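A.B. asks: Residue 49 in the numbering used here sits at position 5 of the sequence shown, with consecutive numbering throughout.
Note that CB positions come from ideal geometry on N, CA and C, so glycine has one too.
Just so it is clear, the structure is predicted and the values come from calculations on it, not from any experiment.
One structure, as structure tokens, below. Some questions next.
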Amino acid sequence: MFIRPTAALAAFLLAGAAPYARAAEKPTDPQIAHIAYTAGTIDIEAAKLAIKKSRTKEVVDFAKDMERDHEAVNKQALDLVKKLKVTPEDNATSQALAKAAKEERAKLAKLKGAAFDKAYIENEVAYHKQVDSALETLL
């Protein structure tokens, strides 16, 4: 799964690597926490839509895996920010991810059957690539 390296990277940065980044160009620890949590929440919402709409066992099973994995990662992220006394801070990257996800969910909600399944899986691949790219670029 793509989320495990993403969560590990976010945890590493929250634990103290961020001070080595140039502050003017890089997000703060609270912003990183919000980006990571937002990314997980977006995937949970997409998974719930797929569980509800798909009638294909493999797609539903995949969506259940996504929901379970991202809920676990978000719980770990919340536990970490509490331990580090970091309050996640909304930011442009989180907002852009949330806006794009809302638009994509609206498109997916209109689809049915095989068209939905195909679009959902393609979106999952593209979304994970987008999040990984955002983390590489911003961090």
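Short of 6 angstroms in beta carbon distance, which residues of its chain neighbour D161, apart from the five on each side in sequence? Order them along the chain.
C.D. replies: Here the set comprises S98, T100, V103.
A.B. asks: Can you tell me the Cα-Cα spacing of I86 and A142, whole angstroms?
C.D. replies: If you take the alpha carbons of I86 and A142, they lie about 7 angstroms apart.
A.B. asks: Hey, out of D73, A83, K126, whose CA is closest to S177's CA?
C.D. replies: Nearest option by C-alpha distance: A83.
A.B. asks: Going by Cα to Cα distance, which pick from E133, A107, I88, A159 is closest to E115?
C.D. replies: Looking at the Cα atoms, I88 is the closest of the given residues.
A.B. asks: My assumption, with CB atoms under 8 angstroms, is that V130 sits in contact with A77. Please give the rounded CB distance.
C.D. replies: With a Cβ gap of about 6 angstroms, V130 and A77 count as contacting.
A.B. asks: Quick one: Cα of A158 to Cα of I165, how far?
C.D. replies: Whole-angstrom Cα-Cα distance: 11 angstroms.
A.B. asks: Tell me whether R99 sits in a helix, a strand or coil according to DSSP, three-state version.
C.D. replies: Of the three classes helix, strand and coil, the one that applies to R99 here is coil, per DSSP.
A.B. asks: If you follow the alpha helix (DSSP H) that T72 is part of, which residue opens it and which one closes it?
C.D. replies: Neither: T72 is in no alpha helix (DSSP H) and is coded neither H nor E.
A.B. asks: So for E133, helix, strand or coil by DSSP?
C.D. replies: Coil.
A.B. asks: For K154, is the classification buried or exposed, using 16 other Cβ atoms within 10 angstroms of its Cβ as the cut-off for buried?
C.D. replies: It counts as exposed.
A.B. asks: Where does K151 fall in DSSP's three states?
C.D. replies: K151 falls in the helix class under three-state DSSP.
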